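See below for the structure under consideration.
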Amino acid sequence: MIKVAVFGANGRMGKVLCEASLSADYAQLSAALVRKSNALIGQQVGIFLGHRDTELIFTDESLLSCDVDVAIDFTLPEGMKVHLAHAVQQKVPMVIGTTGLSSDEMQILEEAAQHIPIVFSRNYSVGINLLENLVQVAAKTLSDDIDIEIFEAHHRHKIDAPSGTALMIGEAIAKAKGWEHADVAKFDRSHDDIEKSQQEIGYSVMRGGDIVGEHTAYFAAEGERLELTHKASSRMTFAKGAVRAAAWVKGKPNGLYTMQDVLDLR
């Protein structure tokens, strides 16, 4: 039984992570963490979640009073940096699903991984991680005279665009093709007066309603088109993957891991 802490436990994803930790037969929700100023501190998590199987109360994000094995964090980058510092101080391994990280924030993550084991992934769905492998097979197998595009759709509240998952898929394709992703990624064609290059990966984005997450990689050639698509209908998909990663990372050596490591897909 692994004892799990969830940062941002009152948020949209935090609540689902708490529910996944409570429902997994190999995990126990041991800490539901919120900001120090949050009015939920001291209140029962079970009442907030409508889950009667726990008497746990909300506590602040310092981790000081927590007896946990692993902490899970899907909060925004600014919050994640604070939580990461607490985790390093308390020597608590982390599972991080924060997206939209800058290069400086990624460097902070890599430095923290020298002191604690960290699983970082921009998507914890098993299906998406299989898709990451499938697009690499397609990119290596298909001829070079193809056009590669990535489409993604999410709910209207998602801030970063393209999504971290879309970039993960694009980076996997670029690696398989032997390209530098930064050189071939195309995010805007609104001012282009030239035809599309076949050595670029185009991105398009939709934001609307309550779409949990949809991603499609297109490989278009003359006479045929291959489309590899993943659609998520529930955030619980990501939460279950994160709890699975938490169980995996417990006891691992310090270092930065991905969901590919968790699923042994490398």
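In terms of the UniProt record's numbering, the sequence shown has 48 at position 48, counting the first letter as 1, and numbering is strictly consecutive.
Don't be surprised by glycine CBs; every beta carbon is placed ideally from N, CA and C.
Keep in mind the model is a prediction, meaning the values are calculated, not measured.
Is Pro77 helix, strand or coil by DSSP?
helix
Cutoff 6 angstroms; reference Pro93; Cβ partners in own chain excluding five residues on either side:
Val70, Ile116, Pro117, Val249
Does the distance from the C-beta atom of Ile95 to that of Ala245 stay below 8 angstroms?
It is worth fixing the name first, because residue 95 is Val in this sequence and not Ile. Yes, they are a contact pair.
Suppose you measure from the CA of Leu263 to the CA of Cys66; what does that come to, to the nearest Å?
28 angstroms
If we ignore side chains and look at the alpha-carbon of each, how far apart do Ile201 and Ser163 end up?
14 angstroms
Spatial neighbours of residue 270 in its chain, beta-carbon cut-off 7 angstroms, leaving aside the 5 residues before and after
This structure gives no information on residue 270, because the portion of the chain shown stretches from 1 to 266.
Tell me whether residue 268 is buried or exposed, calling it buried when 16 or more other Cβ atoms sit within 10 Å of its Cβ.
For the chain, the structure presents residues 1 to 266; residue 268 sits outside this window and is missing.
Specify the secondary structure class of Glu227 as computed by DSSP and reduced to three states.
strand
Cβ pair Ala242, Val212 closer than 8 angstroms
no
Whole angstroms are fine: how far does the CA of Gly208 sit from the CA of Arg189?
22 angstroms
Close-in-space but distant-in-sequence residues of the same chain around Gln44 (CB under 6 angstroms, 5 per side omitted)
Ile57
Endpoints, alpha helix (DSSP H) assigned at Val135:
126–141
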